[in-house]
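Residue numbers (our numbering): 335 to 506.
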């Protein structure tokens with residue numbers, strides 16, 4: 335029986351470039367029904383990483399019978415966990431490094447998780463409309479603040495301090 339963590343739940347996967355110091359996600363690439371997925375320095379790869387430790391074609395990730403396999407093709411090698419590999423089965427959340435000193439990536443077999451540290455490049459453009467500011471609502475909220483009694487008291491206090499400061503400066 336195959337471990338469920340090794341079997342993809344769908345044809346959707348994500349690769350996350352991780353910060354080597356903290357392990358936070360720096361960038362995410364999502365793929366739907368795509369195999370093979372290529373990673374390397376060359377612009378014709380699916381995941382392009384400009385790093386001197388990354389070969390032009392460093393890694394290929396291939397789905398076979400619902401399972402994902404990582405093939406290391408790079409001159410600097412690939413480490414899965416902390417072991418050098420030439421070929422290995424990828425399980426969900428597997429972490430691998432391109433070369434002994436290169437960038438670290440995490441494989442997500444579900445591809446649906448999101449985090450606050452994703453870059454704007456990895457956000458679905460259709461979701462950007464959620465960030466738009468409702469100008470009418472903004473003006474209503476500004477007006478509510480301006481009409482508030484405490485805000486009015488602060489304005490009056492500020493005006494008095496400015497008048498007093500001007501009087502002091504004029505009497506010197």
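Ideal Cβ placement from N, Cα and C applies to all residues, glycine included.
DSSP beta-bridge partners for residue i?
i: residue 365; result: 347
i: residue 412; result: 419, 432
i: residue 485; result: Its beta-bridge partners do not exist; DSSP assigns none.
i: residue 397; result: 402
So, under 8 Å CB-CB, residue i and residue j are touching, yes? Tell me the CB distance rounded to an integer number of Å.
i: residue 389; j: residue 407; result: 7 Å
i: residue 410; j: residue 374; result: Rounded, the Cβ-Cβ distance is 11 Å, inconsistent with contact.
One question on the structure: do residue i and residue j come within less than 9 Å of each other, judged by their Cβ atoms?
i: residue 394; j: residue 365; result: no
i: residue 387; j: residue 434; result: yes
i: residue 412; j: residue 441; result: no
i: residue 383; j: residue 351; result: yes
With 16 other CB atoms within 10 Å as the buried threshold, where does residue i fall?
i: residue 503; result: exposed
i: residue 432; result: buried
i: residue 501; result: exposed
i: residue 467; result: exposed
i: residue 447; result: Low confidence applies here, because residue 447 scores a pLDDT of 45, under 50, leaving its location unreliable and the question unanswered by this model.
What residue range is occupied by the uninterrupted beta strand (DSSP E) comprising residue i?
i: residue 479; result: Here residue 479 belongs to no beta strand (DSSP E); instead the alpha helix (DSSP H) covers 469-481.
i: residue 375; result: No beta strand (DSSP E) holds residue 375; DSSP gives it neither H nor E.
i: residue 385; result: Where residue 385 is concerned, there is no enclosing beta strand (DSSP E), given that its DSSP letter is neither H nor E.
i: residue 439; result: 438-442
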